[in-house]
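Note that our numbering has the sequence shown beginning at 294, numbered continuously upward.
Quick notes on the structure that follows.
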Amino acid sequence: MPRPEVNRSGEMEVFVSVVDLGGLSPAARAHRVTPSGVSKLISRLEARIGARLLNRSTRTLHLTPEGRIFYERCVGILSDIDEAESCATASEAPSGRLCVSATRPIGTHILLPLVSEFLSRNPKVTLDIYLVDAIGDIREERTDVIVTSGPMRNSHTVARKLGETDMIIVGSPSYLESFGTPKTPEDLERHNRLGLAHIRPIEGWPLMKGTEQMCVPLVGNARIGDGESLRELVISGLGLARLARFQVKKDIEAGRLVPVLEEINAGDLEEIHAVYLGEGGHLPVRVCALLDFLSEKVSIS
294 MPRPEVNRSG EMEVFVSVVD LGGLSPAARA HRVTPSGVSK LISRLEARIG ARLLNRSTRT
354 LHLTPEGRIF YERCVGILSD IDEAESCATA SEAPSGRLCV SATRPIGTHI LLPLVSEFLS
414 RNPKVTLDIY LVDAIGDIRE ERTDVIVTSG PMRNSHTVAR KLGETDMIIV GSPSYLESFG
474 TPKTPEDLER HNRLGLAHIR PIEGWPLMKG TEQMCVPLVG NARIGDGESL RELVISGLGL
534 ARLARFQVKK DIEAGRLVPV LEEINAGDLE EIHAVYLGEG GHLPVRVCAL LDFLSEKVSI
594 S
């Protein structure tokens with residue numbers, strides 16, 4: 294007996310709408326069907342897959358772990374379908390869903406201020422943006438583009454350099470008034486040196502002592518998981534920290550932070566890249582559009 298024909302892409306669209314819109318009823322209105330019809334579709338989908346996708350109650354709806362995986366794959370598949378249709382009709386306008394991740398400092402100070410202009414230029418693109426403490430594997434996270442700093446760690450990825458930034462040691466005026474402004478590496482011994490909780494390429498602060506470079510170890514009463522929270526701790530007067538200049542530029546201009554030891558700063562730079570998967574050759578138009586836009590607009594100082 295032949296199996297009944299299943300419109301899998303249609304089911305995926307409805308399922309994604311249920312998740313994105315937060316319920317059966319709004320998804321039903323979006324697709325001009327009844328809520329009971331959407332409910333039956335989800336039940337058929339779960340039965341065919343053999344796993345519960347949604348935990349439903351009268352007021353709330355949550356994805357199960359299996360549902361989260363299925364949702365993310367559906368989003369990717371539907372974006373690929375949009376891309377295929379766009380190419381088939383000779384329309385090269387970027388379209389579909391684009392997933393972008395960035396470390397919190399880069400996301401806050403570089404990426405987010407550009408989002409409005411990018412979407413104005415590309416009205417058919419939908420952005421999913423994730424600001425994270427530390428960047429993971431681009432393949433496991435199913436991310437299209439990661440904007441991050443530091444060395445490349447994955448041979449499967451390709452990076453487009455967006456710029457580079459120097460690192461500076463800063464403290465708040467109130468902290469420096471209480472504990473003094475350090476003038477030499479030795480002066481740092483009496484200061485609270487704050488840092489990040491995760492492993493960095495350089496564990497310490499590189500400074501010059503005469504013609505020799507030395508590394509001052511981190512000795513402080515707090516470490517924190519992301520650069521933006523570390524910046525907030527320094528502004529609050531807890532201690533000194535070494536941060537990217539682009540991250541604290543506005544704070545320095547506003548007088549919230551003061552650079553110290555600039556005359557013996559080792560001058561090391563961190564490169565900032567847009568990272569994407571390099572396997573498979575052709576990149577979706579929406580990914581190319583974002584890479585080109587970031588190359589054009591990102592200005593790091």
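We put the CB at the ideal spot given by N, CA and C, even for glycine.
Taking only the alpha-carbon atoms, compute the straight-line gap between Tyr423 and Thr504 and give it to the nearest angstrom. 42 Å
Any chance you could list the beta strand (DSSP E) runs of at least 3 consecutive residues sitting entirely within the region 473 to 525, in chain order? 498 to 502, 505 to 509
Grab the span of the beta strand (DSSP E) containing Ala340 for me, first residue to last. Run containing Ala340: none in the beta strand (DSSP E); it sits in the alpha helix (DSSP H), 328 to 342.
Anticipated Cβ contact below 8 Å, Leu487 with Ala515, distance rounded: Correct: roughly 6 Å between the Cβ atoms.
Cut-off 6 Å between Cβ atoms - residues of its own chain near Lys590, not counting five sequence neighbours on either side: Leu407
Through-space distance from Glu479 to Gly513, alpha-carbon basis: 15 Å
Going by C-alpha to C-alpha distance, which of Arg337, Arg341, Leu354, Ile335 sits closest to Leu314? Leu354
Every unbroken alpha helix (DSSP H) inside the region 526 to 589 [4 residues or more]: Segments of the alpha helix (DSSP H) lying fully in the region 526 to 589: 538 to 547.
Is it right to say Leu562 is buried, meaning 16 or more other beta carbons lie within 10 angstroms of its own, or is it exposed? exposed
Beta carbon of Ala321, beta carbon of Val331: below 8 Å? yes
Continuous beta strand (DSSP E) stretch holding Asp421: start and end: 418 to 425
Could you give the C-beta distance for Thr441 and Ile399, rounded to a whole number, given that I count them as a contact under 8 Å? 7 Å
Relative to the C-alpha of Pro358, which residue among Leu347, Ala559, Arg352, Val368 is closest? Looking only at Leu347, Ala559, Arg352, Val368, the smallest Cα-Cα distance to Pro358 is reached by Leu347.
Looking at the strands, I want to know which residues DSSP matches up with Asp285. This structure cannot speak to residue 285, because the chain is shown only from 294 to 594.
Under a Cβ-count criterion, where at least 16 other Cβ atoms within 10 Å of its own Cβ denotes burial, should Thr396 be classed as buried or exposed? buried
By alpha-carbon positions, which one of Ile374, Leu489, Gly316, Asp373 ends up nearest to Ser350? For Ser350, the closest alpha carbon among the candidates Ile374, Leu489, Gly316, Asp373 is that of Gly316.
In angstroms with no decimal places, state the Cα-to-Cα distance between Glu304 and Cys508. 58 Å
Measuring alpha carbon to alpha carbon, tell me which of Pro319, Ser413, Ser471, Gly560 ends up nearest Ala386. Ser413
Would you kindly work out how many angstroms separate the C-alpha atoms of Tyr468 and Glu555, rounded to a whole number? Their Cα atoms are separated by approximately 17 Å.
Going by DSSP, what residue range makes up the alpha helix (DSSP H) through Arg390? Premise fails: Arg390 lies in the beta strand (DSSP E), 389 to 396, not in any alpha helix (DSSP H).
Contact defined as beta carbons within less than 8 Å: I believe Val551 pairs with Val463. What is the distance between those atoms, to the nearest angstrom? 6 Å
Can you give the Cα-Cα distance for Gly530 and Ala490, rounded to whole angstroms? 19 Å
Rounded Cβ spacing between Gly389 and Ser372 (contact assumed at less than 8 Å): 4 Å
Rounded separation between Met460 and Gly560 - CA only: 7 Å
Would you call Gln540 buried or exposed, if buried means 16 or more other Cβ atoms sit within 10 Å of its Cβ? Per the 10 Å Cβ criterion, buried.
If contacts are defined as beta-carbon pairs under 8 Å, then Thr584 and Val393 qualify, I think. What distance do you get, rounded to the angstrom? Checking the sequence, you will find Leu at residue 584 rather than Thr. Not quite, the Cβ-Cβ distance comes to about 11 Å (not below 8 Å), so this is no contact.
Could you spell out the range, first to last residue, of the beta strand (DSSP E) harbouring Val438? Note, Val438: beta strand (DSSP E), 438 to 442.
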